[in-house]
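Structure record follows, encoded as structure tokens.
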């Protein structure tokens, strides 16, 4: 039986890519500090006692001026038995604490929690220390940062070489040689497209099975959190193989190769020893690997993107500037993002660390870039939009707000989807597989049950694709999006498609949605949410629950497991915290937007429970 290989963590995506699991590179991305994970291992991370020496040794990185939440880290001790990561996260959120990163060591009943700044860390320490949770009195103390993984690995290797018996060293060397014998194109294929050797029909079966497991778990969770639904759940489970609703057949991607319209490439030393190589990392930084391999033989990257990578690589090799080192924080060239469209427009975004270069040198570099891609050898790359981003040491948790300096060409690229035209800015979210996105949005339109009296709330709308695709069928579309660039694009897209019944609001959904919901008076309101991988903020869920005139919700999840808390909160029983009748799942389906990986999109249709109906326990 095929088992998916272990997948790298989130692929690098400097822009606000909400659903981009296959796309790019296994790396430190989205910045290791942005991960929230659970550990059930026996041994906690090494303490800061190891490796301290000149310049801080393996802890040197915390002395720089770049952002790392490891500086604001605490250890919560004496946690209750049998709690999971989600339990701890919800507990902290309930008390007004917003962690940046959580690592739970459940067998040892403690967790490491990091924060974005000292104020949030101190607030958490004051609030949690001495608090009682499930008969356990919690204690909190400052925690030491993790060791830099590259330096830690190197230190371990040096120690092994110095003290390891000869036989073991020889065995280790032989093992390394055997690993190196596998061609680099095979190694990188296994890293970024781990399902490549699996027949596509089998990939689809595996993905559908994954979603089935999510729905079965959701069924159990609804029963645990809403006893009133148990009779209905009992009937549903009998009908649908222990699931709370029918799972329709997975819809495949119309294309399985060269499907990505956006890729992020790192710049570093090649696995073959070539300096200034543009491509994908073979492993993650936290795994001790920085080697880069060209995307030239990967199957999911378009030929247009490969051509741009090759041309850009030739350019940077003619410059005196070194590649940026995540180990030493020296060097300049960091990343290349390429966006393409079906109408043959291409955007390249160059990320460069200026270090201490003078402004004149940077302007000269930008002029050389412009000349190379418009008149020089790079003209064959056919770039229609070129941007330059100064990406210095991080001083905050995000990179999406870094200003993009327009170098040459158009300010946007354009795409056609479902017969509509869309413009796309550098930081705007747009589904990375356009033909499959058409399948996804068509399914959403089919399920939404819209008419000319309907109002659609498009939450986390990106460039407005979902709402705009439905606008001609409804009375009004209201979009909400965090990224100002994307909102500007969405407004322009509505105008370009001749739509006057669409409006877009910029801001956090948890801040904007309650006001929007209160202002909507339509008797037929449907919300469509397509959030980032972590799901919707709990405030958004609570606002949706309170808006009882909202009867139907379509949730588009790029990671259904990560959205589980959202699903549960939409369905849980009414309480002092959760007001408004619950929803219940009535229909689900997977859509494959990421062939050759284990990822897919999941659509879940939820409808408000009508307690006045006598048939609520038996309806499908």
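Numbering (UniProt numbering), first residue to last: 1 to 620.
Glycine is no exception: its CB is placed at the ideal position from the N, C-alpha and C atoms.
Owing to the predicted nature of the structure, the values given are computational and were not obtained by experimental measurement.
- In the DSSP assignment, no residue is bridged to residue 427.
- Of the candidates 346, 135, 476, 139, 139 places its Cα closest to the Cα of residue 125.
- Close CB contacts of residue 282 within its chain, under the 7 Å cut and outside five residues either way in sequence, are with 187, 188, 191, 271, 289, 291, 293 (chain order).
- For residue 447, the uninterrupted alpha helix (DSSP H) segment begins and ends at 434-447.
- Just so you know, the alpha carbons of residue 221 and residue 96 end up roughly 24 Å apart.
- For the pair residue 482 and residue 182, the Cα-to-Cα distance works out to about 44 Å.
- Around the beta carbon of residue 490, 16 or more other beta carbons lie within 10 angstroms, which makes this residue buried.
- The Cβ neighbour count for residue 224, taken over all protein chains shown within 10 Å, is under 16; the residue is labelled exposed.
- Collapsing the DSSP output to three states places residue 418 in coil.
- Scanning the segment 235-290 for uninterrupted beta strand (DSSP E) segments of 3 residues or longer gives 247-251, 262-268, 277-281, listed from N- to C-terminal end.
- Per DSSP, residue 555 is one residue of the beta strand (DSSP E) stretching across 550-557.
- A check of alpha carbon separations from residue 211 across 77, 602, 610, 609 identifies 602 as the nearest.
- Bounds of the beta strand (DSSP E) holding residue 524 are 524-529.
- The beta carbon of residue 590 sits closer than 6 Å to those of 207, 208, 211, 250, 600, 602, all from its chain and outside the five residues before and after it, given in chain order.
- Taking C-alpha positions only, residue 362 is separated from residue 322 by approximately 14 Å.
- Rounded to whole angstroms, residue 506 and residue 575 show a C-alpha spacing of 31 Å.
- Pairing residue 571 with residue 578, the inter-Cα distance amounts to about 10 Å.
- The secondary-structure analysis by DSSP pairs residue 342 with nothing; it has no beta-bridge partner.
- Residue 513 places its beta carbon less than 8 Å from that of residue 480.
- Per the C-alpha coordinates, the member of 387, 435, 523 positioned closest to residue 413 is 387.
- Separation of residue 457 and residue 342 (C-alpha to C-alpha, rounded to the nearest whole angstrom) is 28 Å.
- The residue from 144, 115, 594, 229 with its alpha-carbon nearest to that of residue 433 is 594.
- Between the alpha carbons of residue 242 and residue 582 lies a distance of about 21 Å.
- Distance between residue 184 and residue 436, taken at the CA atoms: about 29 Å.
- It is roughly 43 Å from the alpha-carbon of residue 478 to the alpha-carbon of residue 368.
- Taking residue 76 as reference, the option from 70, 112, 596, 86 with the minimal CA-CA separation is 112.
- Residue state for residue 139 is assigned as strand, using DSSP reduced to three classes.
- Collapsing the DSSP output to three states places residue 607 in a strand.
- Straight-line measurement puts the Cα of residue 193 at about 22 Å from the Cα of residue 429.
- In the DSSP annotation of this structure, the continuous segment of the beta strand (DSSP E) that includes residue 585 starts and ends at 583-591.
- Residue 556 places its beta carbon 8 Å or farther from that of residue 245.
- For residue 452, the closest C-alpha among the options 381, 444, 385, 524 is that of 524.
- Taking all protein chains shown into account, residue 199 has fewer than 16 neighbouring C-beta atoms within 10 Å of its C-beta and is therefore exposed.
- Bridge partners of residue 390 according to DSSP: 352.
- A check of alpha carbon separations from residue 78 across 108, 402, 202 identifies 108 as the nearest.
- Contact annotation, residue 338 with residue 308: C-beta distance approximately 5 Å; criterion of less than 8 Å satisfied.
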